[in-house]
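Visitor:
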Amino acid sequence: MIKIVDEAECRKYRSDCSITLKKVCSRLKEKGISAQFTLVGSGARNMVTRNGNGPFDLDYNLEIIKAPDEYWNDLRHLKNTVRILLDEATGLQCFSESNDSTSCLTSILYFKDEPTIEFRFDVAIVAKNSDGTLCRLIHNKNAWGYGKDQYVWNEVPYSRNVAIKAKQIKAAGLWLDVRNQYVSLKEMYLSRRWDKDHPSFVVYIEAVNNVYSNHFS
3 MIKIVDEAEC
13 RKYRSDCSIT
23 LKKVCSRLKE
33 KGISAQFTLV
43 GSGARNMVTR
53 NGNGPFDLDY
63 NLEIIKAPDE
73 YWNDLRHLKN
83 TVRILLDEAT
93 GLQCFSESND
103 STSCLTSILY
113 FKDEPTIEFR
123 FDVAIVAKNS
133 DGTLCRLIHN
143 KNAWGYGKDQ
153 YVWNEVPYSR
163 NVAIKAKQIK
173 AAGLWLDVRN
183 QYVSLKEMYL
193 SRRWDKDHPS
203 FVVYIEAVNN
213 VYSNHFS
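Mapping of the sequence shown onto the working numbering: residues 3 to 219, in sequence order.
(1) CB-CB under 6 Å to V204, same chain, minus the five flanking residues each way: which ones, in chain order?
(2) What does a CB cutoff of less than 7 Å around P70 pick up in its chain, not counting 5 residues either side in sequence?
(3) Under the rule that 16 or more other beta-carbon atoms within 10 Å means buried, what is Q152, buried or exposed?
(4) Going by other Cβ atoms of all chains shown within 10 Å of its Cβ, with 16 needed for buried, is L107 buried or exposed?
(5) Are the beta-carbon atoms belonging to L156 and C137 less than 8 Å from one another?
(6) In terms of alpha-carbon separation, which member of T51, W74, Y62 lies closest to D8?
(7) When the Cα atoms are used, what is the spatial distance from K150 to S100?
(8) Would the segment 126 to 137 count as touching the segment 53 to 70 if we require 3 or more Cβ pairs under 8 Å?
(9) What separation, rounded to the nearest whole angstrom, lies between the Cα atoms of I166 and Y214?
(10) H217 and L178: beta carbons closer than 8 Å?
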């Protein structure tokens with residue numbers, strides 16, 4: 003059963019992730035890449051969820067603001083660069099080497115001397131296109147067969163004006179509806195569909211848009 007994690011339990015992990023990602027951004031800057039990280043989705047709004055008593059995770063966006071052409075023209079190079087620097091930084095915090103999934107890099111913290119997962123955090127590499135729409139760097143593995151991978155920017159659906167919509171919802175006293183909708187969607191994606199590649203910040207966008215549509219459209 004999906005449930006909200008107590009805020010006090012999240013605080014330490016947020017601090018560890020922040021230290022790690024600050025180091026990543028500093029190292030990227032040395033390579034001419036200007037980037038900033040943001041805690042997104044549930045973690046930024048005290049709506050972190052877990053399945054039963056299992057581990058929970060935090061989602062971060064690493065936004066690439068400016069970079070040399072060699073990275074824009076070779077997205078594999080961009081993601082590999084971020085992955086290598088992330089692994090170097092998380093190694094100091096005792097996380098595992100990152101797992102390169104379709105839409106993010108995942109670092110896992112295991113309980114000491116046990117194979118059980120304690121906590122994990124996902125880092126999605128993002129950038130904004132010319133009209134301000136957020137795009138995620140997607141790694142389509144073996145896209146055409148024969149081991150040929152594809153790296154592309156995919157727009158995050160309906161990501162524009164989400165902050166404005168959320169503000170209106172809060173002002174109307176309907177934020178509990180967003181929380182309930184978020185938990186319901188998490189339950190659907192993680193428990194019923196076993197969709198592990200649906201980041202929390204995308205679920206949050208969907209929850210806000212659903213509530214906004216029900217009450218303001």
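Backbone N, C-alpha and C define an ideal beta-carbon position, used for all residues, glycine too.
Guide: Straight from the coordinates:
(1) none
(2) G34
(3) exposed
(4) buried
(5) It should be noted that the sequence gives Asn, not Leu, for residue 156. In this structure, C137 lies closer than 8 Å to N156 by Cβ.
(6) T51
(7) 21 Å
(8) yes
(9) 10 Å
(10) no
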